[in-house]
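**Student:** Before I ask anything, let me first share the structure, which is written out below as structure tokens.
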Amino acid sequence: MSLYSEVATGALTEVALDNYLNTCKINDPSTEKGNDTFGLTPLAVAARNGHADLVRLLLEKGASVDALSSGLRTPLWIVTARGRGDNRAEIVQILLRYGANPTYSNPILQNGSTPLENELSQQKDPEVIHLLSQSGGKTKKALDLAMSLGRPDIDAAMGSSGQGGNVVEMIVHIVIAIILYIFGWVRNAALATGSVLKMYPIRGFADGPLSKEFQMALPQPKTKEEFEKGIGDFVAKNKLGKFFRKGSEQLLESIAAKAVEVQKDETSVLSEPENTENLIKLALYQPVIYCDDSGSMAPEGNNDGEDRMGDQRDLVERVARICTKIVPDDLGVHLRFINNQPGNTDNLKMDEIQNIMTQVTPRGCTEIGIQLRERILKPLLYSQYNENVKNLTRPLLISIITDGIPFGGRGSPETRNTLRDEIKRCQEYLLENGLPSRTVIFQISQIGSDKNSKEFLQKLREENLENVYITAQQLDSKFRELRNNEKDLEAWLFETLLEPILDKKSG
Numbered sequence: 102m103s104l105y106s107e108v109a110t111g112a113l114t115e116v117a118l119d120n121y122l123n124t125c126k127i128n129d130p131s132t133e134k135g136n137d138t139f140g141l142t143p144l145a146v147a148a149r150n151g152h153a154d155l156v157r158l159l160l161e162k163g164a165s166v167d168a169l170s171s172g173l174r175t176p177l178w179i180v181t182a183r184g185r186g187d188n189r190a191e192i193v194q195i196l197l198r199y200g201a202n203p204t205y206s207n208p209i210l211q212n213g214s215t216p217l218e219n220e221l222s223q224q225k226d227p228e229v230i231h232l233l234s235q236s237g238g239k240t241k242k243a244l245d246l247a248m249s250l251g252r253p254d255i256d257a258a259m260g261s262s263g264q265g266g267n268v269v270e271m272i273v274h275i276v277i278a279i280i281l282y283i284f285g286w287v288r289n290a291a292l293a294t295g296s297v298l299k300m301y302p303i304r305g306f307a308d309g310p311l312s313k314e315f316q317m318a319l320p321q322p323k324t325k326e327e328f329e330k331g332i333g334d335f336v337a338k339n340k341l342g343k344f345f346r347k348g349s350e351q352l353l354e355s356i357a358a359k360a361v362e363v364q365k366d367e368t369s370v371l372s373e374p375e376n377t378e379n380l381i382k383l384a385l386y387q388p389v390i391y392c393d394d395s396g397s398m399a400p401e402g403n404n405d406g407e408d409r410m411g412d413q414r415d416l417v418e419r420v421a422r423i424c425t426k427i428v429p430d431d432l433g434v435h436l437r438f439i440n441n442q443p444g445n446t447d448n449l450k451m452d453e454i455q456n457i458m459t460q461v462t463p464r465g466c467t468e469i470g471i472q473l474r475e476r477i478l479k480p481l482l483y484s485q486y487n488e489n490v491k492n493l494t495r496p497l498l499i500s501i502i503t504d505g506i507p508f509g510g511r512g513s514p515e516t517r518n519t520l521r522d523e524i525k526r527c528q529e530y531l532l533e534n535g536l537p538s539r540t541v542i543f544q545i546s547q548i549g550s551d552k553n554s555k556e557f558l559q560k561l562r563e564e565n566l567e568n569v570y571i572t573a574q575q576l577d578s579k580f581r582e583l584r585n586n587e588k589d590l591e592a593w594l595f596e597t598l599l600e601p602i603l604d605k606k607s608g
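Below you can see the structure in the form of structure tokens.
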């Protein structure tokens, strides 16, 4: 075995790399024949063969991100021209984060093509295209190539950050197109027999601005087999396997059925077509409601005599009802607390949420940052997406409700900065693992009238952390104000929930 052959097979370890570097230079191209590495640097081999963990390791050990292989090719150029495997987007993101030149070209390389031009000419992965476009990789030739393809998914991927949004936003558009595809299938009378949708009127989606161009990418099916194949092909083409695996047709039909049923309820603001569209966006995220159950949440535990726990209980139930409006029963809300640890708090139904919220009693301190790591980020992110396990299926929307400033008591490592530091650590983890930055988004809200809590959240807002949204209003105060106006209350809660989903910062 050699450095190059171990990189090629993905078998290289950090210990082995350190040993090889005693006799090899990390940026030297291979001179070995017979193992498909000749002329390539170790980083280029790892990138081409789809070994994201080794790409990261080599860069951490000092590999030059744009070190040239034979033919004056950089690793980024190679992965877009000859890359293998299903995680090319992850590798491209890692290389770009380490400063790879997104517009590198040389006259001897396929008529001077750039990485983005390679991708548009060959593998045409929308996620890779989006990453390169966002990083300044566009050229006139790339724009012309994209236009000539006539593919709405690629047009969306080429859009600027203000127009095309992020990877999750693009997935939202695609999923809406899939649901429209389901609607189109069900509308065919010959196929509608027995469908859960046949009793519902279809309105609202077909004319939505987010859906029209994606509908063009899905031909209308004539048989059930064509329907199922169309869904499978569309998911594969748009690299959505991480989110929708084989057999997802029933899941999507369930979401579609619930979305249409919501439109029948004229007493709810959620029935408006644009709101139903936003409900679909919300359904793409796994909601995690993180509740403050410290002693100050009880009336006798705070100077104002406020029953913050009671108000939180009502708020959580209302928020959960909106979050689960159109998702299947087995995709409910995750519920977490700072101090209490009830059993079975994942994918909860409404009655389960009500039961848990009734049983939890306020006690203890406010180790909000430490328990964010231990009870949410470790089990839901860090243990689900690592070198051995990559099971993250939906991005996370973590809604944090708190009434005071972080405090862990004597001997606790919790400080005022622990929450901020854990959020930053989470964001670094996403970058290190090649995940989109909006894989985890945070919404933090105040309950109760504690002035120190308000000042703490204001300082946290001033940190301007990426994908962290501080609710402008005190939740319980606004909740009580609207309590007797069901429609306005629902509209306000829905708007509050959508702030992080639609990437809107509170004033």
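Numbering (my numbering), first residue to last: 102 to 608.
For every residue, glycine included, the Cβ atom is placed at its ideal position computed from N, Cα and C.
Owing to the predicted nature of the structure, the values given are computational and were not obtained by experimental measurement.
Can you tell me whether residue 103 is helix, strand or coil according to DSSP?
**Tutor:** In the sequence shown, counting from the first residue as 1, residue 103 sits at position 2. Correct three-state label for residue 103: coil.
**Student:** Please list the segments of the alpha helix (DSSP H) lying wholly inside the region 156 to 190, counting only runs of 4 or more residues, in order along the chain.
**Tutor:** Counting whole runs of 4 or more residues, the region 156 to 190 contains the alpha helix (DSSP H) stretches 176 to 183.
**Student:** What span of residues does the beta strand (DSSP E) with residue 508 cover, start to end?
**Tutor:** Here the question's residue 508 lines up with position 407 in the sequence shown. Per DSSP, residue 508 belongs to no beta strand (DSSP E) and is neither H nor E.
**Student:** DSSP on residue 499, reduced to helix/strand/coil?
**Tutor:** On the sequence shown, position 398 is the one that residue 499 refers to. If DSSP states are grouped into helix, strand and coil, residue 499 belongs with the strands.
**Student:** Here's a check: name, in chain order, each residue in its chain whose Cβ is nearer than 6 Å to the Cβ of residue 544, leaving out the five neighbours to either side.
**Tutor:** Here residue 544 refers to the residue found at position 443 of the sequence shown. The answer, listed in chain order, is 500, 570, 601.
**Student:** What residue range does the alpha helix (DSSP H) around residue 541 cover?
**Tutor:** For the purposes of this step, residue 541 is taken as residue 440 along the sequence shown, with counting starting at 1. Here residue 541 belongs to no alpha helix (DSSP H); instead the beta strand (DSSP E) covers 541 to 547.
**Student:** Below 8 Å, how does it come out for the region 530 to 539 and the region 442 to 462: are there three or more Cβ pairs, yes or no?
**Tutor:** As far as the Cβ criterion goes, the region 530 to 539 does not touch the region 442 to 462, which means the pair count is below three.
**Student:** The alpha helix (DSSP H) with residue 580 in it runs from where to where?
**Tutor:** In the sequence shown, counting from the first residue as 1, residue 580 sits at position 479. 576 to 583 is the extent of the alpha helix (DSSP H) around residue 580.
**Student:** Within its chain, find whatever has a CB closer than 8 Å to the CB of residue 226; leave out the 5 residues flanking it on each side and keep chain order.
**Tutor:** Within the sequence shown, residue 226 is the residue found at index 125, counting from 1. Counting only Cβ-Cβ distances below 8 Å, and skipping sequence neighbours, we find 189, 190, 220, 340.
**Student:** Assuming residue 234 and residue 201 are in contact, meaning their beta carbons sit under 8 Å apart, how far apart are those beta carbons, in whole angstroms?
**Tutor:** Residue 234 sits at position 133 when you count from the first residue of the sequence shown. Residue 201 sits at position 100 when you count from the first residue of the sequence shown. About 14 Å separates the two Cβ atoms, so there is no contact after all.
**Student:** Among 199, 213, 392, 433, which one has its Cα closest to the Cα of residue 502?
**Tutor:** Start at 1 with the first residue of the sequence shown, and residue 502 comes out as number 401. Closest by alpha carbon: 392.
**Student:** Per DSSP, residue 391 is paired with what?
**Tutor:** If you number the sequence shown from 1, residue 391 lands on position 290. Paired residues: 437, 501.
**Student:** Tell me whether the region 517 to 533 and the region 425 to 432 touch, counting them as touching only if at least three CB pairs, one residue from each stretch, are closer than 8 Å.
**Tutor:** No, they do not touch.
**Student:** Could you pull out every residue in the same chain whose Cβ sits closer than 8 Å to the Cβ of residue 417, ignoring the five residues on either side in sequence?
**Tutor:** For the purposes of this step, residue 417 is taken as the residue at position 316 of the sequence shown. Cβ neighbours of residue 417 beyond the five flanking positions: 390, 392, 436, 454, 458, 502.
**Student:** Just to confirm before moving on: does the CB-CB distance between residue 166 and residue 199 stay below 8 Å?
**Tutor:** For this step, residue 166 is matched to residue 65 along the sequence shown. For this step, residue 199 is matched to residue 98 along the sequence shown. Yes, Cβ-Cβ distance for residue 166 and residue 199 is below 8 Å.
**Student:** Roughly how many angstroms lie between the CA atoms of residue 407 and residue 441, to the nearest whole one?
**Tutor:** As a working note, residue 407 is residue 306 in the sequence shown. As a working note, residue 441 is residue 340 in the sequence shown. Rounded to whole angstroms, residue 407 to residue 441 spans 20 Å at the Cα level.
**Student:** With a 10 Å radius around its C-beta and 16 neighbouring C-beta atoms as the bar for buried, classify residue 365 as buried or exposed.
**Tutor:** Within the sequence shown, residue 365 is the residue found at index 264, counting from 1. Flag for residue 365 reads exposed.
**Student:** Rounded to whole angstroms, what is the Cα-Cα separation between residue 143 and residue 384?
**Tutor:** Locating residue 143 in the sequence shown gives position 42, counting from the first residue. Locating residue 384 in the sequence shown gives position 283, counting from the first residue. Looking at the two C-alpha atoms, the distance is approximately 42 Å.
**Student:** Counting only runs that start and end within the region 203 to 246, where is the alpha helix (DSSP H) found for 4 or more residues in a row?
**Tutor:** The region 203 to 246 contains these whole alpha helix (DSSP H) runs: 216 to 222, 227 to 235.
**Student:** With 16 other CB atoms within 10 Å as the buried threshold, where does residue 112 fall?
**Tutor:** Here residue 112 is taken as the residue at index 11 of the sequence shown, counted from 1. Per the 10 Å Cβ criterion, exposed.
**Student:** Looking at the strands, I want to know which residues DSSP matches up with residue 199.
**Tutor:** One-based indexing of the sequence shown puts residue 199 at position 98. Beta-bridge pairing links residue 199 to no other residue.
**Student:** Looking at the structure shown, is residue 569 part of a helix, part of a strand, or coil, going by DSSP?
**Tutor:** Your numbering for residue 569 matches position 468 in the sequence shown. In the structure shown, residue 569 sits in a strand (DSSP, three-state: E or B).
**Student:** Would you mind sorting residue 119 into buried or exposed? The rule is 16 or more other CB atoms within 10 Å of its CB.
**Tutor:** Start at 1 with the first residue of the sequence shown, and residue 119 comes out as number 18. Exposed, because fewer than 16 other Cβ atoms sit within 10 Å of the Cβ of residue 119.
**Student:** Going by CA-CA distance only, name the one from 427, 482, 207, 550 that's closest to residue 404.
**Tutor:** The residue you call residue 404 lines up with position 303 of the sequence shown. When each option's Cα is compared against that of residue 404, the closest is 550.
**Student:** Thinking just about the alpha-carbon of each residue, which of 475, 480, 260 is nearest to the one in residue 519?
**Tutor:** Taking the first residue of the sequence shown as position 1, residue 519 is located at position 418. Out of 475, 480, 260, 475 has the C-alpha closest to the C-alpha of residue 519.
**Student:** Where does residue 449 fall in DSSP's three states?
**Tutor:** Within the sequence shown, numbered from 1, the residue matching residue 449 stands at position 348. Strand, per DSSP.
**Student:** Consult DSSP for residue 110 and reduce its assignment to one of helix, strand or coil.
**Tutor:** Indexing the sequence shown from 1 puts residue 110 at position 9. Reduced to three states, the DSSP call for residue 110 is helix.
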